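Peer 1: Questions regarding the structure given below will be posed in turn.
Chains as they are written, first to last, in our numbering: chain A, 581 to 905; chain B, 581 to 905.
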C-alpha cells in the first residue's frame, strides 16, 4: 500500500465524507462557478492539509471529532485553493506541479475572481457557524502567506538574503498554512489555548522542513517531473546557495552572484553553480537543517500516548522529508 | 464649493481622522507592502464609500459615532481596494479611470498578492475587535461581487441577457458593495436588524442607479475622459442595448447581435449601433429606470427627521445620477 494511503487509514471515513462537504462549501447560483468547482474537486491532490487537520483533531481528543473539524478543514481548503488559483495568475505558468492550472483554461480574469469567490465562501462558512476562532487562525495564515511571498520578491531583487531572512520567508510563505491546519485541528475539538499553540508550533516545524525539502529538490534532481535549477533561473536564493555564499571566498562569491544575476538563463552556467554548491557542502548543511526541524516536530508528539493517529502523524512528518515529489 | 466637498461638511473631521486610520490598517513589517500602501493612500478618490458609512451612521443615531464606525469603513476600504487591485490584474488595463493601476507599476504577481494581503488585514481587523456582524456584511458583498462579475462573463459570451439578468448582475457586482457601506454604517452604531436591512436596501437602490448611470455613459459620451462604445467593444450587454433588442424587428435584432458578436472592434459599426439605440428609445427607457431607483432610494430617507446628515445623503443620491464622471 502506498505510504499516503496507509497514513489515511485511521481517518479514511472522515476523508471520504469530507470530499462532499468540501464540494458543497463551494456551490453557487452561477453555473460557471460550479463548472470550475467540479473541475477542481476532480483534480484533488494528496490532501495533506485535511489529513493534518483530522489527525491532530483525533490525536488531541482521543478520537473525537465534530462538524467543526470538517468546517475547519473546508476553511483551509477554500483559502488554500483560492491562493493556488491566484498563484496560477501570478506565475503565468501553464501547469502547476501535480495540481491544476485554472489559468491555462479560463484566463486570468476568471482565476482572480474565482479565487476571491473562494475566500468569500470561507468567510461566510465560518461566520454563519460562529467559528471565529478557526477563522482567526486561517486569517493569520493568509496574511503571513502573502507577506512571505512579497518579502521573497523584495529580497530576491537584491540577492542579499541572510539565513535568518530565508527562514522568515519560508516560515511565512509555507509553514504558516500547515501551522493553521494543525492549530485548527486542535481548536476544532475544543483544545485549550496552550495545546493549540503547541500544535501550531508542530505544524510550523513540519512546514519549514517541507519547504527546505522542496528547495533541496532544485539542487538534487530527485523530484519527479521537475528539472533542477529553476530557482536559480528565477533568482530565488534558497538555503543551499545562501550557505555556500556565506562559506566561500570573496572571488567565488562574486562569481555566484554574477551567475545568478546575469547568467541565470544560461543552462550550463546554472549547472556549474549547482555543482559548486554540491562541492562546498551546501546540500549536507541544508539536509542537516531540514532534519533538525523534522526532529523538532517529532519531539512535540513524544508526550502524547501511542495511538493510530499519533502513528500516522509520525509517518506524515517522515514522509515530508522522504518524499520524491 | 464643489458638491462632493459640500456633502462632506457634516463629517469633515471624521473623514480626516479616517485617512490615518485607514493607512494604519494596512501596515506591515514588509517594506515593499508599505511602499505600495503609501502609493494607494495618496491616490485616493472621492471616498464615496466611507462617506456613505459615516453619513448613515450619523443619521440613524442622531449624530453618534464610534471607533466601530471607523473600523467598518476601514473594512470596506480594505476589501474594496483589494478588489480594485485584483481588477487591475483582471482587465490588464494600463490605468483605471481616476483610480490607480498597481498592475502597470508592479505587475500581476505583486498585485494579486497585495490584494490578498488586504483581504487578510480586513479579516484580522474585524476578528481582533469582535466586529463579526460587520465582517458578515462585507463578506456577503465580496461573495456577490465575485459572483456578479463571473455571471456577467458567462452571460456576455452568449449575448442573451434579459432585463432581469441585467439587474441581477448589477445588483451583485456593484450595488452589493454600497449596500454593505450603508448597512455597516447602521450596524456600527448599534441599529436594530430591521433598520440595518432598510439601510442595506437604501444602498442597493443607490448602487443600481449608479451602475445604470455608468452604463449610460457608454452611449451618451458624457463621462469625462472615457470614450463611448467600450461596452459594445467588450461585448457587455447593458440596459440601453437590452431594451432596444427587446423592442425592435427580428431583422434589426439580428443586425445588432451580429454587430456585437463579429464587428465589435469596428468603430464605425459600433457608432451605428449606438445611433440605433438612441433612435429607438434605449436611452430614454434606461434613464427612466435609473430615476426609478433614485426615487426608491430617496423614499427610504423620507421618514427620517431632517438633519445635515440626511441632507448630505440626499445630495449624494442625486450626485450619483447627475455626475459627469
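Heads up, the beta-carbon is just placed ideally off N, CA and C, and yes, glycines get one too.
All figures in this text were calculated on a predicted structure; none of them were measured in a lab.
(1) Pair every Cβ in the region 597-614 of chain B with every Cβ in the region 697-712 of chain B, then say whether three or more of these pairs are closer than 8 Å.
(2) Please classify residue 637 of chain B as buried or exposed, where buried requires at least 16 neighbouring CB atoms within 10 angstroms.
(3) Alpha helix (DSSP H) containing residue 586 of chain A: first to last residue?
(4) Whole angstroms are fine: how far does the CA of residue 591 of chain B sit from the CA of residue 635 of chain B?
(5) Please report how far the alpha carbon of residue 812 of chain A lies from the alpha carbon of residue 741 of chain A, in whole angstroms.
(6) Ends of the alpha helix (DSSP H) at residue 608 of chain A?
(7) Check whether chain B comes within 8 Å of residue 688 of chain A, counting only Cβ atoms and requiring the distance to be less than that.
(8) Three or more beta-carbon pairs under 8 Å between the region 781-798 of chain A and the region 861-873 of chain A, yes or no?
(9) Any idea what DSSP makes of residue 658 of chain A, helix, strand or coil?
(10) Counting C-beta neighbours from all protein chains within 10 Å, is the total for residue 690 of chain B 16 or more, i.e. buried, or is it exposed?
(11) Assuming the contact rule is C-beta atoms closer than 8 Å, residue 737 of chain A and residue 784 of chain A should be a hit. Round their C-beta distance to whole Å, please.
(12) Nearest chain B C-beta to residue 657 of chain A closer than 8 Å, yes or no?
(13) For the alpha helix (DSSP H) containing residue 865 of chain A, list its first residue and its last residue.
(14) Of all the residues that make up the region 718-731 of chain B, which are near chain A by a beta-carbon distance shorter than 9 Å?
(15) For the alpha helix (DSSP H) that contains residue 791 of chain B, what are its first and last residues?
(16) Three-state secondary structure (DSSP) at residue 674 of chain A?
(17) Compute the beta-carbon to beta-carbon distance between residue 613 of chain B and residue 730 of chain A, rounded to the nearest angstrom, for a pair I have assumed lies under 8 Å.
(18) Under the three-state reduction of DSSP, which class applies to residue 739 of chain B: helix, strand or coil?
(19) How far does the alpha helix (DSSP H) with residue 823 of chain B in it extend, from its first residue to its last?
(20) Using the rule of at least 16 other Cβ atoms within 10 Å of the residue's Cβ for burial, across every protein chain shown, is residue 583 of chain B buried or exposed?
(21) Rounded to the nearest angstrom, what separates residue 631 of chain A and residue 703 of chain A at their Cα positions?
(22) Can you pull the chain B residues whose beta carbon is under 7 Å from the beta carbon of residue 608 of chain A, in chain order?
(23) Compare the C-beta of residue 739 of chain A with all C-beta atoms of chain B and state if any pair is closer than 8 Å.
(24) Residue 714 of chain B and residue 655 of chain B look like a contact to me (Cβ under 8 Å); what is the Cβ gap, rounded to whole Å?
(25) Of all Cβ atoms in chain B, is any one closer than 8 Å to the Cβ of residue 811 of chain A?
(26) For the candidate residues B/593, B/594, B/595 and B/618, whose alpha-carbon lies nearest to that of residue 604 of chain B?
(27) For residue 853 of chain B, which option in B/762, B/832, B/892 and B/623 has the closest C-alpha, if you only look at C-alpha atoms?
(28) If contacts are defined as beta-carbon pairs under 8 Å, then residue 721 of chain A and residue 771 of chain A qualify, I think. What distance do you get, rounded to the angstrom?
(29) Using 8 Å as the limit for Cβ to Cβ distance, is residue 843 of chain B near chain A?
Peer 2: By the coordinates alone:
(1) Yes: at least three Cβ pairs fall under 8 Å.
(2) Result: buried.
(3) Residue 586 of chain A -> alpha helix (DSSP H) spans 583-588.
(4) Approximately 7 Å between the Cα atoms of the pair.
(5) For the pair residue 812 of chain A and residue 741 of chain A, the Cα-to-Cα distance works out to about 14 Å.
(6) That residue, residue 608 of chain A, is in no alpha helix (DSSP H); it is neither H nor E in DSSP.
(7) Proximity of residue 688 of chain A to chain B, defined by a Cβ-Cβ separation below 8 Å, is satisfied.
(8) Cβ pair count under 8 Å is three or more, so yes.
(9) In the three-state reduction of the DSSP assignment, residue 658 of chain A falls in the helix class.
(10) Here residue 690 of chain B is buried: its Cβ has 16 or more other Cβ atoms, across all protein chains shown, within 10 Å.
(11) About 27 Å separates the two Cβ atoms, so there is no contact after all.
(12) Output row for residue 657 of chain A: interface = no.
(13) Looking at the DSSP string, the run of the alpha helix (DSSP H) that includes residue 865 of chain A is 862-881.
(14) Per Cβ criterion, the list reads 718, 719, 720, 721, 722, 723, 724, 725, 726, 727, 728, 729, 730 and 731.
(15) 773-800 is the span of the alpha helix (DSSP H), which, as asked, contains residue 791 of chain B.
(16) Note on residue 674 of chain A: pLDDT 44, under 50, position unreliable in the model; the coordinate value appears next. Three-state result, residue 674 of chain A: coil.
(17) Their Cβ separation, rounded to whole angstroms, is 6 Å, which keeps residue 613 of chain B and residue 730 of chain A in contact under 8 Å.
(18) Under the three-state reduction of DSSP output, residue 739 of chain B falls in the coil class, being neither helix nor strand.
(19) 819-826 is the extent of the alpha helix (DSSP H) around residue 823 of chain B.
(20) Counting the other Cβ atoms within 10 Å of the Cβ of residue 583 of chain B gives fewer than 16, which makes it exposed.
(21) Whole-angstrom Cα-Cα distance: 22 Å.
(22) What residue 608 of chain A touches in chain B, judged by beta-carbon distance under 7 Å, is 727, going in chain order.
(23) It does not; no Cβ of chain B falls within 8 Å.
(24) Contact holds; Cβ gap of about 6 Å.
(25) No, residue 811 of chain A does not count as interfacial toward chain B.
(26) Closest option to residue 604 of chain B, Cα to Cα, is B/618.
(27) Of B/762, B/832, B/892 and B/623, the residue nearest in Cα terms is B/832.
(28) 18 Å between Cβ atoms; not a contact.
(29) Chain A, which has no Cβ nearer than 8 Å to the Cβ of residue 843 of chain B, makes this no.
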